[in-house]
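Residue numbers (our numbering): 2 to 83.
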């Protein structure tokens, strides 16, 4: 299968902002990610990530993040690059 690159905005809420979800995600789904932008406080976290992986694995990873309470939105434009 082909490797794809997808970009997402992740929004964490107070109940999950302190959890190591990205580490768990990378291990669980064998994904490579690049942290592109982040703003994290004790109450909220907003993170822009670029994931690399197989399409079905990326879909499963998004479902898992949402089940963990993370809001996941695709990056529509290349605003991460500036």
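Note that beta-carbon positions come from the ideal geometry of N, C-alpha and C, so glycine has one too.
Exposure of residue 39 is indicated by the presence of fewer than 16 other C-beta atoms within 10 angstroms of its C-beta. Counting only residues of its own chain and dropping the five nearest sequence neighbours on each side, residue 4 has a CB closer than 7 Å to the CB of 53, 54 and 55. Counting of Cβ neighbours within 10 angstroms places residue 8 among the buried residues, the total reaching 16 or more. For the 8 Å CB-CB criterion, residue 30 and residue 58 form a contact. Residue 23 places its beta carbon 8 Å or farther from that of residue 62. Around the beta carbon of residue 36, fewer than 16 other beta carbons lie within 10 angstroms, which makes this residue exposed. The C-beta distance from residue 45 to residue 14 rounds to 7 Å, short enough to meet the 8 Å contact threshold.
In the displayed model, residue 3 falls within coil according to three-state DSSP, outside both helix and strand.
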